[in-house]
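Student: Questions regarding the structure given below will be posed in turn.
In the working numbering, the protein residues as written are 556 to 749.
Here's what the structure looks like:
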């Protein structure tokens with residue numbers, strides 16, 4: 556019934572606004588770090604943005620609940636609130652998924668992953684292990700080189716890079732004078748290359 560729902564809404568409202576505020580704060584801190592990593596990997600003037608899209612940026616949670624109560628009752632689920640929030644990823648003002656090349660999309664993902672690494676390091680108090688799985692796929696040579704230089708010279712600690720072409724990996728690591736060890740996995744056995 557509507558009176559029970561309004562009681563729930565009143566209890567959820569402060570929590571919804573706390574979640575909204577925390578997400579907004581997180582994104583405000585993450586975005587510049589992400590942007591720096593994207594620019595370092597791409598070495599281009601591409602304009603990338605992350606936007607937090609929430610109904611709560613326009614209206615109060617309780618007002619949204621009241622406004623949509625009849626609709627929610629008919630469809631039997633809540634159509635407003637922080638569970639409907641989304642992150643909008645853009646490249647030059649357009650959705651990266653729609654206009655970005657595979658290399659641009661992968662660069663976007665890698666920049667997010669590296670920004671996430673920074674947050675985890677700060678939260679944990681130590682460097683987590685960084686796994687870059689099949690990282691060379693879909694990236695042009697320039698982006699691969701910029702990425703490898705970045706993770707080699709930066710604060711990332713121990714990094715595992717997987718690749719199906721070991722000669723390519725060796726060539727890239729040697730080109731940037733990286734300190735590395737190469738392991739081959741064959742039929743479940745791990746062999747270190749000397």
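Cβ coordinates follow ideal geometry from the N, Cα and C atoms, glycine included.
#1: With H, G and I counted as helix, E and B as strand and the rest as coil, what does DSSP make of residue 665?
#2: Provide the residue span of the alpha helix (DSSP H) that contains residue 631, from first to last.
#3: Classify residue 737 as helix, strand or coil using the three-state DSSP reduction.
#4: By Cβ distance, which residues of its chain are closer than 7 Å to residue 661, with the 5 residues on each side in sequence left out?
#5: Please list, in chain order, all residues of the same chain as residue 682 whose beta carbon is under 6 Å from its beta carbon, the five residues on each side excluded.
#6: What do you get for residue 723, buried or exposed, if any count of 16 or more other CB atoms within 10 angstroms of its CB means buried?
#7: Distance check for residue 580 and residue 733, CA to CA, integer angstroms please.
#8: Nearest to residue 718 by CA position, among 740, 625, 710, is which residue?
#9: Over what stretch of residues does the beta strand (DSSP E) that includes residue 704 continue unbroken?
#10: Quick check: the Cα distance between residue 605 and residue 664, rounded to an integer number of angstroms?
#11: Considering only DSSP beta bridges, list what residue 641 is partnered with.
#12: State the CB to CB distance for the pair residue 596 and residue 720, rounded to an integer number of angstroms; the pair is presumed to be in contact (CB under 8 Å).
#13: Please work out which residues of its chain come closer than 7 Å, Cβ to Cβ, to residue 714, disregarding the five sequence neighbours upstream and downstream, and give them in chain order.
#14: What's the gap between the Cα of residue 667 and the Cα of residue 585?
#15: Measuring CA to CA, which of 659, 743, 747 is closest to residue 735?
#16: Which value, in whole angstroms, describes the spacing of the CA atoms of residue 557 and residue 629?
#17: For residue 805, which residues of its own chain have a beta-carbon under 7 Å away from its beta-carbon, when the five flanking residues on both sides are left out?
#18: Where residue 562 and residue 673 are concerned, what is the direct C-alpha to C-alpha distance, given to the nearest angstrom?
#19: Go to residue 691, then tell me how far its alpha helix (DSSP H) extends in each direction, as first and last residue.
Tutor: Based on what the coordinates show:
#1: Helix.
#2: Neither: residue 631 is in no alpha helix (DSSP H) and is coded neither H nor E.
#3: If DSSP states are grouped into helix, strand and coil, residue 737 belongs with coil.
#4: The answer, listed in chain order, is 693, 694.
#5: Only 676, 712 meet the Cβ criterion.
#6: With a 10 Å radius around the Cβ and a threshold of 16 neighbouring Cβ atoms, residue 723 comes out exposed.
#7: If I take the Cα positions, the gap works out to 36 Å.
#8: Checking every option, the nearest Cα to that of residue 718 belongs to 740.
#9: Run containing residue 704: none in the beta strand (DSSP E); it sits in the alpha helix (DSSP H), 696 to 708.
#10: The C-alpha of residue 605 lies about 12 Å from the C-alpha of residue 664.
#11: Residue 641 has 608 as its beta-bridge partners, per DSSP.
#12: About 20 Å separates the beta carbons of residue 596 and residue 720, which is beyond the 8 Å limit, so they are not a contact pair.
#13: Setting aside the 5 residues that flank it on each side, residue 714 is surrounded in the same chain by 685, 687, 706, each with a C-beta closer than 7 Å to its C-beta; the list follows chain order.
#14: The alpha-carbon atoms of residue 667 and residue 585 are separated by roughly 9 Å.
#15: For residue 735, the closest C-alpha among the options 659, 743, 747 is that of 747.
#16: Between residue 557 and residue 629, the alpha-carbon positions lie close to 12 Å from each other.
#17: With the chain covering 556 to 749 only, the question about residue 805 has no answer from this structure.
#18: Straight-line Cα distance between these residues: approximately 40 Å.
#19: Here residue 691 belongs to no alpha helix (DSSP H), and DSSP marks it neither H nor E.
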